[in-house]
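In this note's numbering, the protein residues as written are 3 to 157.
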(Lines of atoms letter the chains of each structure in order from A and count residues from 1; the text may use other names and numbers.)
(Lines give C-alpha, C1' and ligand atoms only; values in the text may rest on other atoms or scores of the structure.)
Protein backbone atom coordinates (compact mmCIF):
# COMPACT_ATOMS: atom_id res chain seq x y z
CA UNK A 1 0.00 0.00 0.00
CA UNK A 2 2.77 2.39 0.93
CA UNK A 3 4.71 1.65 -2.24
CA UNK A 4 1.63 2.39 -4.36
CA UNK A 5 1.28 5.79 -2.69
CA UNK A 6 4.97 6.52 -3.21
CA UNK A 7 4.65 5.53 -6.89
CA UNK A 8 1.69 7.88 -7.33
CA UNK A 9 3.57 10.71 -5.65
CA UNK A 10 6.68 10.13 -7.75
CA UNK A 11 4.53 10.01 -10.90
CA UNK A 12 2.85 13.26 -9.92
CA UNK A 13 6.20 15.05 -9.93
CA UNK A 14 6.56 14.45 -13.66
CA UNK A 15 3.16 15.89 -14.60
CA UNK A 16 3.54 19.16 -12.70
CA UNK A 17 2.72 21.29 -15.80
CA UNK A 18 -0.65 19.56 -16.14
CA UNK A 19 -1.32 20.01 -12.42
CA UNK A 20 -0.49 23.72 -12.69
CA UNK A 21 -2.78 23.95 -15.71
CA UNK A 22 -5.58 22.23 -13.77
CA UNK A 23 -5.16 24.66 -10.85
CA UNK A 24 -5.28 27.66 -13.21
CA UNK A 25 -8.36 26.10 -14.82
CA UNK A 26 -10.05 26.06 -11.42
CA UNK A 27 -9.02 29.68 -10.82
CA UNK A 28 -10.57 30.70 -14.16
CA UNK A 29 -13.73 28.79 -13.24
CA UNK A 30 -13.91 30.77 -10.00
CA UNK A 31 -13.29 34.09 -11.71
CA UNK A 32 -15.92 33.44 -14.38
CA UNK A 33 -18.47 32.07 -11.92
CA UNK A 34 -18.19 34.79 -9.29
CA UNK A 35 -17.54 37.92 -11.36
CA UNK A 36 -20.46 40.28 -11.58
CA UNK A 37 -19.51 41.68 -14.97
CA UNK A 38 -18.17 40.18 -18.19
CA UNK A 39 -14.47 41.02 -18.61
CA UNK A 40 -13.23 39.55 -21.91
CA UNK A 41 -9.87 41.36 -21.74
CA UNK A 42 -9.07 39.72 -18.41
CA UNK A 43 -10.12 36.32 -19.70
CA UNK A 44 -8.03 36.74 -22.87
CA UNK A 45 -4.92 37.85 -21.00
CA UNK A 46 -5.26 35.16 -18.34
CA UNK A 47 -5.84 32.39 -20.87
CA UNK A 48 -3.01 33.54 -23.14
CA UNK A 49 -0.53 33.92 -20.30
CA UNK A 50 -1.25 30.49 -18.86
CA UNK A 51 -1.02 28.83 -22.29
CA UNK A 52 2.29 30.52 -23.10
CA UNK A 53 3.67 29.68 -19.66
CA UNK A 54 2.63 26.05 -19.92
CA UNK A 55 4.07 25.87 -23.45
CA UNK A 56 7.46 27.06 -22.18
CA UNK A 57 7.32 24.63 -19.26
CA UNK A 58 6.59 21.77 -21.67
CA UNK A 59 9.46 22.88 -23.90
CA UNK A 60 11.79 22.91 -20.88
CA UNK A 61 10.53 19.55 -19.68
CA UNK A 62 11.46 18.07 -23.06
CA UNK A 63 15.16 18.58 -22.30
CA UNK A 64 14.71 17.25 -18.77
CA UNK A 65 13.02 14.12 -20.11
CA UNK A 66 15.67 13.55 -22.77
CA UNK A 67 18.50 13.88 -20.22
CA UNK A 68 16.98 11.68 -17.50
CA UNK A 69 14.83 9.14 -19.36
CA UNK A 70 16.05 7.82 -22.70
CA UNK A 71 12.86 6.35 -24.09
CA UNK A 72 10.20 7.88 -21.86
CA UNK A 73 8.65 6.91 -18.56
CA UNK A 74 5.47 5.09 -17.63
CA UNK A 75 3.46 6.88 -14.95
CA UNK A 76 0.59 5.90 -12.65
CA UNK A 77 1.11 2.15 -13.10
CA UNK A 78 1.00 2.31 -16.88
CA UNK A 79 -2.00 4.59 -17.35
CA UNK A 80 0.02 7.32 -19.03
CA UNK A 81 3.36 7.34 -20.81
CA UNK A 82 5.46 10.49 -20.94
CA UNK A 83 7.95 10.65 -23.78
CA UNK A 84 9.34 13.20 -26.22
CA UNK A 85 6.51 12.63 -28.71
CA UNK A 86 3.83 13.41 -26.12
CA UNK A 87 5.68 16.58 -25.13
CA UNK A 88 5.90 17.57 -28.80
CA UNK A 89 2.14 17.12 -29.12
CA UNK A 90 1.52 19.13 -25.95
CA UNK A 91 3.65 22.02 -27.23
CA UNK A 92 1.80 21.88 -30.57
CA UNK A 93 -1.57 21.88 -28.78
CA UNK A 94 -0.51 24.85 -26.64
CA UNK A 95 0.62 26.79 -29.74
CA UNK A 96 -2.66 26.05 -31.51
CA UNK A 97 -4.62 27.18 -28.45
CA UNK A 98 -2.63 30.42 -28.30
CA UNK A 99 -3.41 30.97 -31.99
CA UNK A 100 -7.14 30.47 -31.34
CA UNK A 101 -7.23 32.91 -28.42
CA UNK A 102 -5.18 35.48 -30.35
CA UNK A 103 -7.56 35.16 -33.29
CA UNK A 104 -10.54 35.75 -31.02
CA UNK A 105 -8.83 38.76 -29.49
CA UNK A 106 -7.63 40.35 -32.74
CA UNK A 107 -10.86 39.86 -34.67
CA UNK A 108 -12.88 41.02 -31.69
CA UNK A 109 -15.29 38.17 -31.20
CA UNK A 110 -17.51 38.64 -28.17
CA UNK A 111 -17.72 35.28 -26.43
CA UNK A 112 -19.15 34.52 -23.02
CA UNK A 113 -16.87 33.81 -20.08
CA UNK A 114 -17.79 30.15 -20.07
CA UNK A 115 -16.06 29.81 -23.43
CA UNK A 116 -12.67 30.22 -21.76
CA UNK A 117 -13.49 27.66 -19.08
CA UNK A 118 -14.62 25.10 -21.64
CA UNK A 119 -11.67 25.87 -23.90
CA UNK A 120 -9.20 25.32 -21.07
CA UNK A 121 -10.94 22.04 -20.14
CA UNK A 122 -10.70 20.97 -23.78
CA UNK A 123 -6.98 21.75 -23.83
CA UNK A 124 -6.45 19.84 -20.58
CA UNK A 125 -8.23 16.84 -22.10
CA UNK A 126 -5.99 17.05 -25.16
CA UNK A 127 -2.90 17.18 -22.93
CA UNK A 128 -4.03 14.01 -21.15
CA UNK A 129 -4.90 12.36 -24.46
CA UNK A 130 -1.38 12.98 -25.77
CA UNK A 131 0.09 10.97 -22.88
CA UNK A 132 -2.38 8.12 -22.60
CA UNK A 133 -1.30 4.53 -23.03
CA UNK A 134 -4.31 2.76 -21.53
CA UNK A 135 -7.83 2.44 -22.90
CA UNK A 136 -9.40 3.76 -19.69
CA UNK A 137 -7.39 6.99 -19.85
CA UNK A 138 -8.08 7.25 -23.56
CA UNK A 139 -11.80 7.02 -22.85
CA UNK A 140 -11.65 9.66 -20.10
CA UNK A 141 -9.60 12.06 -22.22
CA UNK A 142 -11.75 11.50 -25.30
CA UNK A 143 -14.95 12.11 -23.36
CA UNK A 144 -13.51 15.29 -21.84
CA UNK A 145 -12.55 16.60 -25.25
CA UNK A 146 -15.82 15.59 -26.91
CA UNK A 147 -18.12 17.02 -24.24
CA UNK A 148 -16.23 20.32 -24.21
CA UNK A 149 -16.28 20.41 -28.02
CA UNK A 150 -20.01 19.80 -28.15
CA UNK A 151 -20.73 22.60 -25.70
CA UNK A 152 -18.28 24.97 -27.43
CA UNK A 153 -20.12 24.47 -30.70
CA UNK A 154 -23.35 25.58 -29.03
CA UNK A 155 -21.72 28.71 -27.58
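Using N, Cα and C, we set each Cβ at its ideal position, and we do this for glycine too.
- Beta-bridge partners assigned by DSSP to residue 82: 77 and 134.
- The shortest C-alpha to C-alpha distance from residue 98 to any of 129, 109 and 39 is the one to 129.
- Under the three-state reduction of DSSP output, residue 71 falls in the coil class, being neither helix nor strand.
- In this structure, the CA atom of residue 113 is about 13 Å from the CA atom of residue 153.
- In the displayed model, residue 38 falls within coil according to three-state DSSP, outside both helix and strand.
- Rounded to the nearest whole angstrom, the C-alpha separation of residue 21 and residue 109 is 31 Å.
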